[in-house]
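Quick mapping for you: the protein sequence lines, in order, are chains E and D. Everything in the first sequence is counted per the numbering used here, starting at 1 for the first residue and increasing by one. Everything in the second sequence is counted per the numbering used here, starting at 1 for the first residue and increasing by one. Cβ coordinates follow ideal geometry from the N, Cα and C atoms, glycine included. I have placed the structure first, in the form of structure tokens, so that the comments after it can refer back to it.
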Amino acid sequence: MSLVKLTLKELQDQFTRAEVRASEIVRAYYLRVSMVEPKVKAYITLNDKETVLAEAHALDQELKQWRKTMPLMAMPLAIKDNICTHDLPTTCGSRILGQFRPPYDASVVATMRPHRFLLLGKSNLDEFAMGSSTEHSAFGPSRNPWKLNHVPGGSSGGSAAAVAADECVAALGSDTGGSIRQPAACCGVVGLKPTYGRVSRYGLVAFASSLDQIGPITKDVMDAAVLLNVLAGHDPLDSTSAEVPVPDFTRAFKKRDLKKLKIGVPTEYFTEGLDPEVEVAVREAIEELGRLGGEIKEVSLPHTGVAVATYYIIATAEASSNLARYDGVRYGLRSKQSKDLLEMFCMTRQEGLGYEVKRRIMLGTYVLSSGYYDAYYGKAQAVRTLIQRDFEEAFQDVDLLVSPVMPTPPFQLGEKIDDPLQMYLSDIYTISASLAGLPAISIPCGFSRQGLPIGLQIVGRPFEEETILRAARAYELATEWRKKRPAIR
Amino acid sequence: MRISQEEVEHVGKLARIHLTEEEKNAFSDQLSKILTYMEELNTVDTQGVDQMVTVVNQSNVLRADEARPSISQKTALGNAPAAIDGFFSVPKIISDR
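Dropping the structure here:
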């Protein structure tokens, strides 16, 4: 089997047994990238092949002396381009950051460096992670490997497309309202958003700080656990990072069935607006979870209908504050058309920020502005409390919640770009778990008649990623979806 | 909810974004639609409900006030569009008069 088809765990096993050299891995992946990247456009910055090859050669030489490998050693990874890397530009898909070179690594990257992973490149995203299709990237959209005129989802669309197209063995994404889970569903791969606080946000360029979370996008559920083992943990550099014990997440797979697990199906998620093809695939997946021993129960999350409105007030408010730093003073683009300081700020942001980012900053500024703060932001934060309570109550009865990831299969490029509200509504099933800070995974559960992937979402209690992973893995092994690969044409 | 062009202009000033005429037009329309959609929130009774402050029940996290190594001045200025004598340089703020 071709090297690039292997999962991270499989590749790691081969490397550990010295059946494959790091330099062979690099050659295989650069060959693959050269073949499919012109069609998929998953990367903003591709790392220099000779640099990565030199690193691989060094690894191969050292390993002749001693054979002690770490889980990510020689693993070719893509990192979403809003996660700081000191050796490659970090653009956030925006003109305003230009060729920004972070002076430091994000904590997750710093944690992974001693593993000697191979950084293949920085993957594409909607500008500042604001979007559900990667069409809002200043560097152009990525394509869905299953059907190139369809979107790969977003905002981590480049990461998901790169994994699906075998342009890396696994990738890092970030999720604010669904930006890991939704592209994973669109591209037929696995995407895990950990509990808020589980993974350090230090060095993740901030969009909405109370929601942002880094997580893995992988070829299967096993790989998600392997990567989360490395990413998870307390970080003194992130004051919202949680001081909770980190288990070995792969131990969750010891149980191969779902016996004694209660699985809730939120009735509000199966109503108007859900595409029939998606509903059928997800309902069949839920039946499979039942066959695996799970006890299926209907539950209610009464505030589901107002989650999108709540999210787009809170997220844009936080974004308008976080993105105030892009003023042309300390880094990035500076407009040349300015006589004074104020004009420099305004023109730099006019020229450097894209349409969607401006729209969200405007919305966030409006809802925080004098006279409107209580009516919008204050109200939304109160509703957010109610949304969290919905989950707390549901989790008294059940251990997991299952639902679709997206109301429709992936849409065509350009289909929703002129209708921001329609685009926002494609996040309807992922947003609530984000607002409540809960861990959630997206795994493949079928295909549309057009051959586009459909995803199943499994949500768990705070810091119970193990339960999610156990259920996801049991389902994955009981079905064949992960074996289907895109033809890319 | 109707957001006029004047309101869009005002918010643009608050957000320090110069907007083109086309953007003012489009945003007036789109923000009106989005904010109308958000009025749904008024159907929810939030009387006596606390606003969420933190999703994981945290309190302030403090660290010892100790000097630690940091990046050099040269590195800190490395991405600056303009720098003079170890400072970030910007257009004149105070007039000559």
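Against chain D, the beta carbon of Leu363 (chain E) has neighbours under 7 angstroms at Leu31 and Ile34, listed in chain order. Going by DSSP, Val56 (chain D) is part of no beta strand (DSSP E) at all; its letter is neither H nor E. By the Cβ criterion, the region 391-406 of chain E is in contact with the region 458-473 of chain E, since at least three pairs of Cβ atoms, one from each stretch, lie closer than 8 angstroms. Taking C-beta atoms under 8 angstroms as the contact rule, Gln61 (chain E) and Met406 (chain E) fail to qualify, at a distance of about 46 angstroms.
Residue pairing by DSSP puts Thr45 (chain E) in a beta bridge opposite E:Lys122.
When Cβ-Cβ separations below 9 angstroms define contact, Arg2 (chain D) makes no contact with chain E. Taking a cut-off of 8 angstroms for Cβ pairs, the region 102-115 of chain E and the region 173-181 of chain E do not touch, as fewer than three such pairs fall below it.
Beta bridge pairing from DSSP links Glu295 (chain E) with E:Lys262. Note on Gln12 (chain E): 16 or more other CB atoms within 10 angstroms of its CB, so buried under the neighbour-count rule.
The residue from E:Asp87, E:Val357, E:Glu476 and E:Ser200 with its alpha-carbon nearest to that of Cys445 (chain E) is E:Glu476. The alpha carbon of Cys168 (chain E) has as its nearest neighbour, out of E:Asn149, E:Leu120 and E:Arg198, the alpha carbon of E:Leu120. In this structure, Lys41 (chain E) and Gly140 (chain E) form a Cβ contact; the two beta carbons are roughly 6 angstroms apart against a cut-off of 8 angstroms. Not flagged as an interface residue toward chain D: Ile180 (chain E), since no C-beta distance is shorter than 9 angstroms. Asp223 (chain E) carries a helical assignment under DSSP once its states are collapsed to helix, strand and coil. For Ala394 (chain E), the closest of E:Glu19, E:Tyr29, E:Pro302 and E:Phe117 by C-alpha to C-alpha distance is E:Pro302. Looking at the DSSP output, Leu413 (chain E) bridges to nothing.
With at least 16 other beta carbons inside 10 angstroms of its own, Leu435 (chain E) counts as buried.
Excluding five sequence positions before and after Ala252 (chain E), the CB atoms of its chain that fall closer than 6 angstroms to its own CB belong to Glu466, Leu469 and Arg470, given in chain order. Proximity of the region 159-173 of chain E to the region 419-427 of chain E falls short of the contact definition, fewer than three beta-carbon pairs being nearer than 8 angstroms.
Distance from the CA atom of Leu14 (chain D) to the CA atom of Ala26 (chain D), rounded to whole angstroms, is 18 angstroms. The C-beta of Pro145 (chain E) comes no closer than 9 angstroms to any C-beta of chain D. DSSP places Ala15 (chain D) in the coil class of the three-state scheme, outside both helix and strand. Checking the DSSP bridge columns, you'll see Gln457 (chain E) partnered with E:Ser403 and E:Ser442. Judged by DSSP secondary structure, Ala170 (chain E) falls within the beta strand (DSSP E) whose first and last residues are Ala170 to Asp175. Between the region 368-378 of chain E and the region 225-242 of chain E, the count of C-beta pairs closer than 8 angstroms stays below three; the two stretches do not touch. When C-beta atoms of the region 124-133 of chain E are compared with those of the region 91-105 of chain E, three or more pairs fall below 8 angstroms, so the two segments count as touching. Straight across, the Cα-Cα distance linking Asp45 (chain D) with Val265 (chain E) is about 25 angstroms.
Proximity of chain D to Val306 (chain E) at the Cβ level (cut-off 7 angstroms) is accounted for by Glu40, Leu41 and Val44, in chain order. Per DSSP, Ile3 (chain D) is not a residue of any beta strand (DSSP E), being assigned neither H nor E. According to DSSP, Gly215 (chain E) shares a beta bridge with E:Gly173. A direct Cα-to-Cα measurement between Lys68 (chain E) and Met222 (chain E) gives close to 22 angstroms. Taking a cut-off of 8 angstroms for Cβ pairs, the region 353-372 of chain E and the region 303-319 of chain E touch, as three or more such pairs fall below it.
Sequence-distant Cβ neighbours of Leu192 (chain E) in its own chain, meaning closer than 6 angstroms and more than five residues away, are Gly215, Pro216, Ala224 and Ile441. Nearest neighbour of Asn60 (chain D) by Cα position, chosen from E:Lys5, E:Asp238 and E:Asp390, turns out to be E:Asp238.
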